[in-house]
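In our numbering, the protein residues as written are 36 to 224.
Heads up, the beta-carbon is just placed ideally off N, CA and C, and yes, glycines get one too.
Taking it in order: structure first as structure tokens, then the write-up.
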């Protein structure tokens with residue numbers, strides 16, 4: 036009986052403290068895709084996989100990554116590399132018009148990547164945090180400005196919410212233990 040009780044409490048505690056993916060992180064992933072920051076998006080995607088989010092949601096985000104990366108490579112005239120991404124996306128989402136168009140366009144051809152001359156940008160000196168805060172940021176849309184303005188507030192609210200979840204989980208666990216103890220004592224009488 037004790038083993039069952041301990042196992043139940045352990046499983047309950049683990050499920051309460053399991054890491055979940057917030058909408059903020061998904062928004063950050065899509066923001067990275069929009070800005071063509073594929074390394075950051077790939078890191079977030081692997082984080083989502085390790086956090087064991089819903090399989091359908093993960094596959095959707097992964098397909099969005101393949102579409103964005105494939106389209107970026109296509110625009111750079113790297114057709115062979117982009118076909119790999121569109122092929123993966125086509126296997127999951129055949130009805131998407133962009134995927135269907137790119138896949139059918141590239142599927143029957145001998146593909147190669149065109150080399151582009153890379154202009155080496157002069158490296159900027161590393162600025163201190165205070166100087167970075169003083170830099171002017173140009174924002175394209177209202178959603179981006181909303182994200183930048185409220186990112187600190189959202190982060191603090193998420194931390195407070197996590198603390199509330201921990202407290203509520205602890206209280207719930209204690210109540211559950213008390214109920215189980217009372218049931219055991221009642222059964223023994």
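Quick test of the definition: if touching needs 3 or more C-beta pairs under 8 angstroms, does the stretch 63 to 75 touch the stretch 99 to 109? The answer is yes - the stretch 99 to 109 touches the stretch 63 to 75, with three or more Cβ pairs under 8 angstroms.
What does the alpha-carbon distance come out to for the pair residue 62 and residue 222? Here residue 62 corresponds to residue number 27 of the chain shown, with the count starting at 1. Here residue 222 corresponds to residue number 187 of the chain shown, with the count starting at 1. Roughly 52 angstroms between the two C-alpha positions.
Considering just the uninterrupted stretch of the alpha helix (DSSP H) at residue 107, what are its terminal residues? Translated into positions along the chain shown, residue 107 becomes position 72. DSSP places residue 107 inside the alpha helix (DSSP H), whose first and last residues are 90 to 110.
Would you check if the distance between the CB atom of residue 20 and the CB atom of residue 123 is smaller than 9 angstroms? Coverage of the chain is limited to positions 36 through 224, which leaves residue 20 absent and any answer about it impossible.
On the DSSP bridge list, what partners appear for residue 236? Residue 236 falls outside the range modelled here, since the chain spans only 36 to 224, and no answer is possible.
For residue 137, count the other beta carbons within 10 Å of its own beta carbon; 16 or more makes it buried, fewer makes it exposed. Which is it? Along the chain shown, one-based indexing puts residue 137 at 102. Flag for residue 137 reads buried.
Through-space distance from residue 191 to residue 130, alpha-carbon basis: Counting from one through the chain shown, the residue named residue 130 turns up at place 95. Counting from one through the chain shown, the residue named residue 191 turns up at place 156. Rounded to whole angstroms, residue 130 to residue 191 spans 40 angstroms at the Cα level.
Using only CA atoms, which one of 224, 78, 199, 117 lies nearest to residue 145? The sequence position of residue 145 within the chain shown is 110, counting from 1. The shortest CA-to-CA distance from residue 145 to any of 224, 78, 199, 117 is the one to 117.
DSSP state of residue 69 mapped onto helix, strand, coil: Within the chain shown, the letter at position 34 stands for residue 69. Three-state DSSP puts residue 69 in a helix.
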